[in-house]
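A.B. asks: Top line first, the protein sequences correspond to chains C and B.
The numbers in this note's numbering rise by one with no breaks, and the one at position 68 of the first sequence is 73.
The numbers in this note's numbering rise by one with no breaks, and the one at position 48 of the second sequence is 51.
For every residue, glycine included, the Cβ atom is placed at its ideal position computed from N, Cα and C.
I am attaching a structure below and will ask some questions about it afterwards.
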Amino acid sequence: MSNDFYKQSIIPCEGIIVKICRAYSDTQEDYEDYFQEVCLQIWKSKDNFRGQSAWSTWVYRLALNVCLTLIKKKKKAQHVSEIPITGDENESAFFSDESLNFLYAAIKKLSEIDRAIILLYLEEKSYKEIAEITGATANNIGVRINRIKERLKKLLDGKIN
Amino acid sequence: MEKSIENIWKKGFLNQESNQAPKIEALYNKKSLLLVEKIKQTYKKDNLAIIPIAIIGLLGCLYFGKILFGIYLFLLLMSLFYLNKRALNPLEKLELNTSSYAYLVSYRNCIWGIIKSYTKVFALVAPITLAAGCYIYFKDTLWFQEFINNQEIGKIILVTIVTLSTVSLLCTAVYRATTELTYGNYLRNLNTIISDLEELQK
Numbered sequence: 006m007s008n009d010f011y012k013q014s015i016i017p018c019e020g021i022i023v024k025i026c027r028a029y030s031d032t033q034e035d036y037e038d039y040f041q042e043v044c045l046q047i048w049k050s051k052d053n054f055r056g057q058s059a060w061s062t063w064v065y066r067l068a069l070n071v072c073l074t075l076i077k078k079k080k081k082a083q084h085v086s087e088i089p090i091t092g093d094e095n096e097s098a099f100f101s102d103e104s105l106n107f108l109y110a111a112i113k114k115l116s117e118i119d120r121a122i123i124l125l126y127l128e129e130k131s132y133k134e135i136a137e138i139t140g141a142t143a144n145n146i147g148v149r150i151n152r153i154k155e156r157l158k159k160l161l162d163g164k165i166n
Numbered sequence: 004m005e006k007s008i009e010n011i012w013k014k015g016f017l018n019q020e021s022n023q024a025p026k027i028e029a030l031y032n033k034k035s036l037l038l039v040e041k042i043k044q045t046y047k048k049d050n051l052a053i054i055p056i057a058i059i060g061l062l063g064c065l066y067f068g069k070i071l072f073g074i075y076l077f078l079l080l081m082s083l084f085y086l087n088k089r090a091l092n093p094l095e096k097l098e099l100n101t102s103s104y105a106y107l108v109s110y111r112n113c114i115w116g117i118i119k120s121y122t123k124v125f126a127l128v129a130p131i132t133l134a135a136g137c138y139i140y141f142k143d144t145l146w147f148q149e150f151i152n153n154q155e156i157g158k159i160i161l162v163t164i165v166t167l168s169t170v171s172l173l174c175t176a177v178y179r180a181t182t183e184l185t186y187g188n189y190l191r192n193l194n195t196i197i198s199d200l201e202e203l204q205k
């Protein structure tokens, strides 16, 4: 991966990648692995980007796919080897902002697809864009976001003022 | 005022520290180690499988009264086991000290070295050991005695050379096919990662 590619194409989207990888990883080690794998896949798949959507949307979709694939692989490996999950599953003190840590911990309790939807919503993507990325309908996204927000509120109840 | 999740998100990520990405330096370290570990495990399992085969072979031959042939077969297979174990030593010694690229290239070179030397073993040594085995197995049979006594020496030599050459070709083909079947995917993955790393270094 050339420095130019990294500077021009990855750095502008670093924030997005960080947020997604944090939401799907349980430990710092996993987070770093996921981040690296996403960057690598962006570099490897860059020729597949046809400009039909914004670069950031494409990166978002790819990052989600990579994280979901890695989660699947991890689950499969744990299932096969029956190795207990290492690390603290509640490890969420990634950020200096306590409320953000609580929010991330709550997001991690959502299903994989709900996590993707709420991350896209929080990134202020339109319902149409979220629907395109996740493969759902725009109407369904609206309903789903409301449900997810309710669930998050319940999970965060009492933890943040 | 109650904080909304939207506010927590926005404020949390206003802090640059929260957005800090990990450094991409050891990009392929984990991948490399995992792949190498898989190859090692397969190699070890493959080699360990020789022991029960040798024991079953020996017991089978003892049961059918072919004691000498059974012992010969057992010793031959155990030698192969020992040879495989020794071949694994240089692979075990390789460590990911410098870069994934150097590590994987050394690993690939080691594996290709092993494959080349085994191809020679199967092409040259296997036919001879097999011929010796056949001699031990058939030397007391009537047809073998008749063949030795009734044929000209030239014809015996010709038959031996043709048989050994055929066995040599067969052994090499079987070795290549089983290597491809067992390690083909791993070796292709190894090549892909090395190519990726070469591309990354450009």
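Report yes or no: is there a C-beta of chain C within less than 9 Å of the C-beta of lysine 33(B)?
C.D. replies: So yes, lysine 33(B) belongs to the interface.
A.B. asks: So that I know if they touch, is there some Cβ in chain E lying closer than 9 Å to that of glycine 147(C)?
C.D. replies: No chain E appears in the structure shown, which is made up of the protein chains C and B.
A.B. asks: Under a three-way DSSP split, which group does glycine 157(B) fall into?
C.D. replies: If DSSP states are grouped into helix, strand and coil, glycine 157(B) belongs with the helices.
A.B. asks: Quick one, which of Ser50(C), Arg156(C), Ile25(C) and Ser58(C) has its alpha-carbon nearest phenylalanine 40(C)'s?
C.D. replies: When each option's Cα is compared against that of phenylalanine 40(C), the closest is Ile25(C).
A.B. asks: Under 8 Å by Cβ, that's how I've got leucine 127(C) and tyrosine 65(C) pegged, so tell me the actual separation to the nearest angstrom.
C.D. replies: Wrong, their Cβ atoms sit about 12 Å apart, outside the cutoff.
A.B. asks: Would you report the Cα separation of alanine 68(C) and glutamate 129(C), rounded to the nearest angstrom?
C.D. replies: For alanine 68(C) and glutamate 129(C), the distance between alpha carbons rounds to 17 Å.
A.B. asks: Whose Cβ in chain B lies nearer than 8 Å to the Cβ of leucine 127(C)?
C.D. replies: Those within 8 Å of leucine 127(C) in chain B are Ile8, Glu9 and Trp12.
A.B. asks: Taking the C-alpha atoms as reference points, what is the distance between asparagine 151(C) and aspartate 9(C)?
C.D. replies: Going from the Cα of asparagine 151(C) to the Cα of aspartate 9(C) covers about 41 Å.
A.B. asks: For the stretch 58 to 75 of chain B against the stretch 95 to 114 of chain B, are there 3 or more C-beta pairs whose distance is under 8 Å?
C.D. replies: No contact exists between the stretch 58 to 75 of chain B and the stretch 95 to 114 of chain B.
A.B. asks: How many angstroms separate the CA atom of glutamine 148(B) from the CA atom of phenylalanine 141(B)?
C.D. replies: Straight-line Cα distance between these residues: approximately 9 Å.
A.B. asks: Taking a Cβ distance cut-off of 7 Å, strictly less, list which residues of the stretch 111 to 136 of chain C are near chain B, in chain order.
C.D. replies: From the stretch 111 to 136 of chain C, only Leu127 have a Cβ closer than 7 Å to chain B.
A.B. asks: Using 10 angstroms around the beta-carbon of aspartate 102(C), count the other beta-carbons present and answer buried if the total reaches 16, otherwise exposed.
C.D. replies: The residue is buried, with at least 16 neighbouring Cβ atoms inside 10 Å.
A.B. asks: From leucine 1(B) to serine 14(C), what does the alpha carbon distance come to, in whole angstroms?
C.D. replies: Because chain B is modelled from 4 through 205, residue 1(B) falls outside the range shown and cannot be assessed.
A.B. asks: Measure from the alpha carbon of serine 58(C) to the alpha carbon of each residue in Ala143(C), Ala110(C), Ile47(C) and Ile138(C), then state which is nearest.
C.D. replies: Nearest C-alpha to serine 58(C): Ile138(C).
A.B. asks: Measuring straight from C-alpha to C-alpha, what distance separates tyrosine 138(B) and isoleucine 196(B)?
C.D. replies: Each residue's Cα considered, the two are about 48 Å apart.
A.B. asks: Could you check whether the Cβ of leucine 69(C) sits closer than 9 Å to any Cβ belonging to chain B?
C.D. replies: No, because no Cβ of chain B sits closer than 9 Å to the Cβ of leucine 69(C).
A.B. asks: Go ahead and label valine 162(B) buried or exposed: buried means 16 or more other beta carbons lie within 10 angstroms of its beta carbon, across all protein chains shown.
C.D. replies: Valine 162(B) is exposed by the Cβ-count criterion.
A.B. asks: So is aspartate 49(B) in contact with chain C if we call contact Cβ pairs under 9 Å?
C.D. replies: It does not: the Cβ of aspartate 49(B) has no partner Cβ on chain C nearer than 9 Å.
A.B. asks: Using the Cβ count rule (16 or more neighbours within 10 Å means buried), how would you classify threonine 132(B)?
C.D. replies: It is buried - the Cβ of threonine 132(B) has at least 16 other Cβ atoms within 10 Å.
A.B. asks: Cβ of aspartate 199(B) less than 9 Å from any chain C Cβ?
C.D. replies: So, interface residue.
A.B. asks: Can you name the start and end residues of the alpha helix (DSSP H) that asparagine 106(C) belongs to?
C.D. replies: Run containing asparagine 106(C): 103 to 112, per the alpha helix (DSSP H) assignment.
A.B. asks: If you compare alpha carbons, which of Gly147(C), Ile118(C) and Asn53(C) is closest to threonine 74(C)?
C.D. replies: Among Gly147(C), Ile118(C) and Asn53(C), the Cα nearest to that of threonine 74(C) belongs to Ile118(C).
A.B. asks: Within the same chain, show all residues whose beta-carbon is closer than 8 Å to that of asparagine 87(B), passing over the 5 residues directly before and after it, in chain order.
C.D. replies: Hits under 8 Å: Tyr46, Asp49, Asn50 and Ile53.
A.B. asks: State the Cα-Cα distance for the pair alanine 129(B) and serine 171(B), rounded to the nearest angstrom.
C.D. replies: Approximately 7 Å, taken between the alpha carbons.
A.B. asks: From lysine 158(B) to tyrosine 106(B), what distance separates their C-alpha atoms?
C.D. replies: Each residue's Cα considered, the two are about 53 Å apart.
A.B. asks: Mark alanine 180(B) as exposed unless 16 or more other C-beta atoms lie within 10 angstroms of its C-beta, in which case mark it buried.
C.D. replies: Exposed: under 16 other Cβ atoms inside 10 Å.
A.B. asks: Just to confirm before moving on: does the CB-CB distance between isoleucine 117(B) and alanine 90(B) stay below 9 Å?
C.D. replies: For isoleucine 117(B) and alanine 90(B), yes; Cβs fall inside 9 Å.
A.B. asks: Which residues in the same chain have their Cβ closer than 8 Å to the Cβ of valine 108(B), if we skip the five residues on either side of it in sequence?
C.D. replies: These residues qualify, in order along the chain: Ile197.
A.B. asks: For a contact defined as C-beta to C-beta under 9 Å, what are the partners of serine 30(C) on chain B?
C.D. replies: Under the 9 Å cutoff, chain B gives no residues; its nearest Cβ is about 11 Å from serine 30(C).
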